[in-house]
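In our numbering, the protein residues as written are 1014 to 1140. Glycine included, each C-beta is placed from N, C-alpha and C at the ideal position. Bear in mind that the values here come from a model prediction, so they are computed numbers and not experimental data.
Here is the structure:
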């Protein structure tokens, strides 16, 4: 399946790779959805929203059980990466010029740590 965020319609959607079975998974309380990453092992998706109230959220791959993971000290969270082996979620913030990591986001807890500060504009992270 292919998952994406659409900042024009403020949706998170999914479709099969052949274009069939397109479905809107999240359509409420999204302002400027940006990055998205998947954890197929745990069955979760994670995304950033850098609108009026920036946040990082997660839900099951079908859009259910949505919850906010981080909603403080964010500006423009626009890059996400998962370290599946170490159970860490990384994000880059283009407004605060930081890369941060959470050691517990994938299992429900949030232990937030700054990894890098004052980097060039960051649009994605690759592990």
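For residue i, the nearest candidate out of the options (CA to CA)
| i | options | result |
| --- | --- | --- |
| residue 1077 | 1026, 1020, 1113 | 1026 |
| residue 1110 | 1100, 1091, 1098, 1096 | 1091 |
| residue 1030 | 1094, 1061, 1056, 1014 | 1014 |
| residue 1056 | 1108, 1097, 1103, 1105 | 1097 |
| residue 1023 | 1065, 1054, 1034, 1053 | 1065 |
| residue 1069 | 1079, 1058, 1075, 1083 | 1083 |
| residue 1095 | 1040, 1053, 1074, 1062 | 1053 |
| residue 1107 | 1051, 1075, 1061, 1018 | 1061 |
Collapsed DSSP secondary structure at residue i in the structure displayed
| i | result |
| --- | --- |
| residue 1135 | Caution is warranted here: a pLDDT of 48 is assigned to residue 1135, below 50, making its placement in the model unreliable, and the coordinate value is therefore given only provisionally. Residue 1135: coil per DSSP, three-state reduction. |
| residue 1030 | coil |
| residue 1110 | coil |
| residue 1052 | strand |
| residue 1047 | strand |
Opening and closing residue of the beta strand (DSSP E) in which residue i lies
| i | result |
| --- | --- |
| residue 1058 | 1057-1062 |
| residue 1067 | Here residue 1067 belongs to no beta strand (DSSP E), and DSSP marks it neither H nor E. |
| residue 1091 | 1090-1096 |
| residue 1105 | 1101-1106 |
| residue 1019 | 1015-1019 |
For residue j and residue i, believed in contact at Cβ under 8 Å, the rounded distance
| i | j | result |
| --- | --- | --- |
| residue 1067 | residue 1087 | 4 Å |
| residue 997 | residue 1047 | Because the chain spans 1014 through 1140 in this model, residue 997 falls outside it and cannot be assessed. |
| residue 1059 | residue 1038 | About 13 Å separates the two Cβ atoms, so there is no contact after all. |
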